[in-house]
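Peer 1: Going by the working numbering, the sequence shown opens with residue 348, and the numbers climb by one from there. All residues carry an ideal CB built from backbone N, CA and C; glycine is no exception. A quick note: this is a predicted structure, and the numbers were derived from the prediction, not measured.
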Amino acid sequence: MLTLLKIRNLALVDELAWELGPGLIGVTGETGAGKSIIIGALKLVLGERADKSLIRTGEDFCSVEAVFELHDPGAINAILADGGLESCDDTQLIVRRVIAQSANRQFVNDSPVTLALLKRLGDHLVDLHGPHDHQSLLSAERQLAMLDAYAGAETAHAAYRENYRAWRTKTTELEDLRHAENASEHELELLHYQIQEIDAAQINPEDEQDLDDRWRRASNATRLVESAAAATAALTGDAGILERLTEVQRLVRDLEKLDPSVRQHTAALESAVLELQDLDRNLANYADELDIDPAQAAALEERVNLLESLKRKYGLTLSDVLARRNAAAARLDSIENRSEKLAALERELTACRAALDATGKTLTSTRRKAAPRLAREISSQLKDLGFQQASFEAPLRTLSEPTAQGFETLEFQFGPNPGEPLLPLRQIASSGEISRVMLAVKSALAEQDSTPLMVFDEIDANVGGEVARAVGRKMAALGTRHQVVAITHFPQVAATATHHFVVEKEVSNGRTRSRLFPVSGESRIQELVRMLGGGGEHARAMAASLLNL
């Protein structure tokens with residue numbers, strides 16, 4: 348659940364730290380007091396785009412931080428892993444948005460994230476609904492997903508989707524091959540030539556560096572021999588380094604005879620002489636080995652030129668050349684063996700369709716068994732919300748062709764008035780009706796819905812009296828399975844809340860700010876009296892009765 352929401356410099360809120368508990372949380376206050384800022388802050392946490400107009404006047408930035416306690420962090424950790432982030436070490440997840448004049452940033456557990464990743468997390472953490480925010484409920488695809496959740500058909504649907512992807516892939520491959528243009532004679536000749544030319548070169552990319560080294564030595568053999576000979580002459584020739592070092596050795600031995608302690612300074616001389624003698628022998632051997640046959644040098648140069656020519660034609664590297672050869676071979680194979688490939692693809696497509704039909708039949712059967720039960724459950728919930736004679740159905744319509752969702756589609760049908768035809772939910776004009784239908788659906792699916800926090804922003808608009816009381820009771824029932832935040836103008840709804848908070852505006856030092864505080868006992872009764880629109884003992888008694896005091 349959401350345990351803490353911190354807001355700073357957001358619109359009329361200068362600083363707010365809101366600690367939330369479980370159950371139904373009611374938020375009330377005068378119109379314009381700042382209740383919408385709470386919703387705005389939550390939307391920022393959910394990954395909604397933001398602009399600089401949200402920053403409180405006179406400030407450089409605004410920020411929102413939400414702390415969630417996760418009962419099972421598995422799904423959240425999977426999203427974090429997809430984004431290259433570390434999993435939650437414990438069950439706490441901290442989401443922070445910072446909106447500044449220069450740039451906007453977002454963080455999860457202090458690691459920067461993209462807005463897209465934040466939205467994915469938000470979809471798993473919070474289900475937010477306002478009086479005109481029911482697009483997910485009106486979507487046929489979303490309604491089918493609700494039915495699958497109610498029926499426990501997620502595994503069957505996952506198996507179907509896997510077979511559907513395989514079937515669509517094979518269908519596309521077959522269509523592409525059928526509609527491919529016949530290759531021209533010129534293209535066939537070119538493909539054959541490219542393959543033969545590259546194969547004849549017997550390319551091995553791993554040998555390229557060794558070939559370059561050998562060719563470089565061969566092409567510079569004369570200079571290398573001359574340089575090695577000059578070096579050995581400098582070492583052993585007349586007045587060479589070694590001859591001069593021999594004189595140095597004689598002088599050092601005379602020193603050592605006169606003063607043996609000098610050996611600590613001259614010991615390195617013997618090693619130096621030995622190493623220079625080794626160097627002389629090694630250079631001589633190296634010069635002998637450089638005696639390269641001119642024919643061999645010519646062959647190496649020809650090989651290097653051949654590979655460079657292939658790279659100019661087919662790619663920057665020898666690996667690119669080989670990739671070009673493989674692509675040409677694949678194209679040639681598809682042309683020359685088109686009939687055989689068509690037959691093989693048709694057999695594979697038939698097998699894929701059989702697997703798709705089998706999983707689709709299982710999915711359809713599960714849905715058809717569950718749809719009437721879901722419709723009855725939602726109808727029962729609707730009766731609790733004031734639709735005593737309303738009708739609700741969940742009819743499945745078979746499609747002519749399979750889709751990623753299955754062999755059928757679903758569109759909830761609702762008839763609030765007896766004798767009138769049932770209509771799809773998207774054709775219901777009344778926001779009050781659609782809000783209550785949404786609440787009924789949420790209540791029916793409460794056991795299957797894994798979203799930890801539900802937020803209802805004035806969905807009780809355009810209802811009143813006993814209906815508002817029923818809406819409150821329904822939200823309180825949801826609060827036994829989820830954490831529920833209800834922003835409301837109705838005392839009947841607010842009175843059912845486990846925790847009650849009030850938002851109000853105040854003016855301090857010439858600045859207006861919104862603040863939020865909890866109410867209980869007498870202060871809660873006074874808030875309900877205000878919401879009832881009256882004063883005196885009668886209103887107070889009514890407020891107390893709403894609280895069952």
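Taking 8 Å as the threshold (C-beta atoms), are Ile550 and Val668 in contact?
Peer 2: As a first step, residue 668 is located in the sequence shown; it is residue number 321 there, counting from the start. As a first step, residue 550 is located in the sequence shown; it is residue number 203 there, counting from the start. Cβ atoms of Val668 and Ile550: closer than 8 Å.
Peer 1: Buried or exposed for Gln736, going by 16 or more other Cβ atoms inside 10 Å?
Peer 2: Numbered from 1 along the sequence shown, position 389 holds the residue referred to as residue 736. Gln736 comes out exposed.
Peer 1: Under the rule that 16 or more other beta-carbon atoms within 10 Å means buried, what is Glu603, buried or exposed?
Peer 2: What you label residue 603 is simply residue 256 of the sequence shown in a count that begins at 1. Taking a 10 Å sphere around the C-beta of Glu603, we find fewer than 16 other C-beta atoms and assign the residue as exposed.
Peer 1: Output yes or no for whether 8 Å exceeds the beta carbon distance between Val818 and Leu729.
Peer 2: Residue numbering aside, residue 818 sits at position 471 when the sequence shown is read from its first letter. Residue numbering aside, residue 729 sits at position 382 when the sequence shown is read from its first letter. Not in contact: Val818 and Leu729 (Cβ atoms no closer than 8 Å).
Peer 1: Consult DSSP for Glu395 and reduce its assignment to one of helix, strand or coil.
Peer 2: Within the sequence shown, the letter at position 48 stands for residue 395. Glu395 carries a coil assignment under DSSP once its states are collapsed to helix, strand and coil.
Peer 1: Go through the region 462–527 residue by residue and report every complete run of the beta strand (DSSP E) that reaches 3 residues or more, in order.
Peer 2: Counting whole runs of 3 or more residues, the region 462–527 contains the beta strand (DSSP E) stretches 473–476.
Peer 1: Could you tell me the boundaries of the beta strand (DSSP E) in which Gly753 lies?
Peer 2: Numbered from its first residue, the sequence shown carries residue 753 at position 406. For Gly753, the enclosing beta strand (DSSP E) has its first and last residue at 753–757.
Peer 1: Do you know offhand how far Pro420's Cα is from Ser738's?
Peer 2: By one-based count along the sequence shown, residue 420 stands at place 73. By one-based count along the sequence shown, residue 738 stands at place 391. Each residue's Cα considered, the two are about 39 Å apart.
Peer 1: CB-CB under 7 Å to Ala513, same chain, minus the five flanking residues each way: which ones, in chain order?
Peer 2: Position 166 of the sequence shown, counting from 1, holds the residue named residue 513. Same-chain partners within the cutoff: Cys699.
Peer 1: Considering only residues of the same chain and omitting the five flanking positions on each side of Arg715, which have a CB-CB separation below 7 Å?
Peer 2: One-based indexing of the sequence shown puts residue 715 at position 368. Cβ neighbours of Arg715 beyond the five flanking positions: Leu743.
Peer 1: Which whole runs of the alpha helix (DSSP H) in the region 765–848 are 4 residues long or more, in chain order?
Peer 2: 778–791, 812–825, 838–841
Peer 1: Assuming Tyr497 and Leu351 make a contact with CB atoms under 8 Å, what is their CB distance in whole Å?
Peer 2: Here residue 497 refers to the residue found at position 150 when the sequence shown is read from its first residue. Here residue 351 refers to the residue found at position 4 when the sequence shown is read from its first residue. Between Leu351 and Tyr497 the Cβ distance is about 33 Å, and since that is not below 8 Å, they are no contact.
Peer 1: So, for Ser458: in the same chain, excluding its five sequence neighbours on each side, which residues have a beta-carbon less than 8 Å away from its beta-carbon?
Peer 2: In the sequence shown, counting from the first residue as 1, residue 458 sits at position 111. For Ser458, where only same-chain residues beyond five positions count, the Cβ hits under 8 Å are Leu432, Glu433.
Peer 1: Grouping DSSP H, G and I as helix and E and B as strand, with all else coil, what is Glu676?
Peer 2: As a first step, residue 676 is located in the sequence shown; it is residue number 329 there, counting from the start. Strictly speaking, residue 676 in this sequence is Ala, with Glu absent from that position. Note: Ala676 maps to helix in three-state DSSP.
Peer 1: What do you get for Tyr540, buried or exposed, if any count of 16 or more other CB atoms within 10 angstroms of its CB means buried?
Peer 2: As a working note, residue 540 is residue 193 in the sequence shown. By the 10 Å Cβ count, Tyr540 comes out exposed.
Peer 1: Going by DSSP in three states, Leu440 sits in which element: helix, strand or coil?
Peer 2: Here residue 440 corresponds to residue number 93 of the sequence shown, with the count starting at 1. In this structure, Leu440 counts as strand in the three-state DSSP scheme.
Peer 1: Is it a yes or a no for the region 623–631 touching the region 501–519, going by three-plus beta-carbon pairs under 8 Å?
Peer 2: no
Peer 1: Can you name, in chain order, every residue of its own chain whose Cβ lies under 8 Å from the Cβ of Gly387, other than the five neighbours on each side?
Peer 2: Along the sequence shown, read from residue 1 onward, the residue named residue 387 stands at position 40. Hits under 8 Å: Leu357, Ala358, Leu401.
Peer 1: Per DSSP, Glu412 is paired with what?
Peer 2: Here the question's residue 412 lines up with position 65 in the sequence shown. Lys353, Arg443.
Peer 1: Which of helix, strand or coil does DSSP assign to Leu367?
Peer 2: Stepping through the sequence shown from its first residue, residue 367 is reached at position 20. Correct three-state label for Leu367: coil.
Peer 1: Taking the beta carbon of Gly752 as the centre, do at least 16 other beta carbons fall within 10 Å, making it buried, or is it exposed?
Peer 2: Residue numbering aside, residue 752 sits at position 405 when the sequence shown is read from its first letter. The sequence as given places Gln at residue 752; Gly does not occur at that position. Residue burial annotation: Gln752 is buried, with at least 16 other C-beta atoms found within 10 angstroms of its C-beta.
Peer 1: How big is the Cα-Cα spacing for Trp390 and Ala492?
Peer 2: Numbered from its first residue, the sequence shown carries residue 390 at position 43. Numbered from its first residue, the sequence shown carries residue 492 at position 145. Rather than Trp, the amino acid found at residue 390 in this sequence is Lys. Their backbone Cα atoms lie some 23 Å apart in a straight line.
Peer 1: So what's Thr859 in DSSP terms, helix, strand or just coil?
Peer 2: By one-based count along the sequence shown, residue 859 stands at place 512. DSSP places Thr859 in strand when its eight states are reduced to three.
Peer 1: Report buried or exposed for His885, applying the criterion of at least 16 other Cβ atoms within 10 angstroms of its Cβ.
Peer 2: The sequence position of residue 885 within the sequence shown is 538, counting from 1. His885 is exposed by the Cβ-count criterion.
Peer 1: Do Ala576 and Ala634 have their C-beta atoms closer together than 8 Å?
Peer 2: Taking the first residue of the sequence shown as 1, we reach residue 576 at position 229. Taking the first residue of the sequence shown as 1, we reach residue 634 at position 287. It is a contact, given that the beta carbons lie within the stated cut-off.
Peer 1: Alpha carbon to alpha carbon, how far is Ala674 from Thr664? Give it in angstroms, no decimals.
Peer 2: Locating residue 664 in the sequence shown gives position 317, where the first residue counts as 1. Locating residue 674 in the sequence shown gives position 327, where the first residue counts as 1. Between Thr664 and Ala674, the C-alpha separation is close to 15 Å.
Peer 1: Which of the three DSSP states, helix, strand or coil, is assigned to Gln541?
Peer 2: Position 194 of the sequence shown, counting from 1, holds the residue named residue 541. Looking at Gln541 - three-state DSSP - the assignment turns out to be helix.
Peer 1: Report yes if the CB atom of Ile303 is closer than 8 Å to the CB atom of Glu805, and no otherwise.
Peer 2: The first residue shown for the chain is 348 and the last is 896, placing residue 303 beyond what the model contains.
Peer 1: Using only the alpha-carbon positions, how far apart do Gln795 and Ala787 sit?
Peer 2: Taking the first residue of the sequence shown as position 1, residue 795 is located at position 448. Taking the first residue of the sequence shown as position 1, residue 787 is located at position 440. Looking at the two C-alpha atoms, the distance is approximately 14 Å.
Peer 1: Could you check which residue in Arg564, Arg685, Ser383 has the C-alpha nearest to that of Val832?
Peer 2: Along the sequence shown, one-based indexing puts residue 832 at 485. Selected option, being the one with the closest Cα: Ser383.
Peer 1: Could you check which residue in Thr827, Val854, Gly857 has the C-alpha nearest to that of His846?
Peer 2: As a first step, residue 846 is located in the sequence shown; it is residue number 499 there, counting from the start. When only C-alpha atoms are compared, the closest one is Thr827.
Peer 1: Have a look at Cys409 and Phe754 and give me their C-alpha separation to the nearest angstrom.
Peer 2: The count along the sequence shown starts at 1 and reaches residue 409 at position 62. The count along the sequence shown starts at 1 and reaches residue 754 at position 407. Approximately 49 Å between the Cα atoms of the pair.
Peer 1: In terms of residues, what are the limits of the beta strand (DSSP E) holding Ser747?
Peer 2: In the sequence shown, counting from the first residue as 1, residue 747 sits at position 400. Element bounds for Ser747: 743–750.
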